[in-house]
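J.: If you read the sequence shown in numbering that gives the first Met the number 0, its first letter stands for residue 0, the second for the next number, and so on.
First, the structure itself, so that you have it in front of you.
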Amino acid sequence: MADKHQQRLDRHLDGVENRLPETPARWVAWLRRPSSRAVRMPAGILLIVAALFSFLPVLGLWMAPLGILLLALDVPALQRPTGRALVRGRLWWSRWRKRRSRA
């Protein structure tokens, strides 16, 4: 079952990676490699902790979802909710763009 959720997450991350400019796409591809786990796990935790200090300049709440996304690559319990959140976010984004283009 976790394999199915991992595949969904990978599919969405592939889509994000394909839409990014070349340099950020290379960073994302590097972070997604299994050999990058030693960087990915601490970076995910650090991003979540930094989001707690969102009242400071530079730091913000945007760090929490990014940290959870990084952790979801290695923590099977986070894969299903993260994949679902990506699906909902993508639907929300397409609806928002459609409404905006009509106005």
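Glycine included, every Cβ here is placed at the ideal spot set by N, Cα and C.
Computed from a predicted model, the values in this text were never measured in an experiment.
1. Let me check understanding here. Comparing Cα to Cα, which of Lys3, Gln6, His11 and Gln5 lies closest to Arg85?
2. In the stretch 62-95, which residue ranges form an unbroken alpha helix (DSSP H) of at least 4 residues, counting only runs that do not cross its ends?
3. For the putative contact between Gly43 and Gly66, defined by C-beta atoms under 8 angstroms, what is the C-beta separation to the nearest angstrom?
4. Going by C-alpha to C-alpha distance, which of Leu55, Pro23 and Gln78 sits closest to Pro64?
5. Quick one: grab the DSSP three-state call for Val57.
T.: Judging by the given coordinates:
1. With the sequence shown as reference, residue 85 is identified as Leu, and Arg is not the correct amino acid for it. It is His11 whose Cα lies nearest to the Cα of Leu85.
2. DSSP runs (the alpha helix (DSSP H)) wholly in the stretch 62-95: 62-71.
3. Taking the Cβ atoms as the reference, Gly43 lies roughly 4 angstroms from Gly66, within the contact range of under 8 angstroms.
4. Pro64 has its Cα closest to that of Gln78, out of Leu55, Pro23 and Gln78.
5. DSSP, reduced to helix, strand and coil, places Val57 outside both helices and strands of the structure shown, so it counts as coil.
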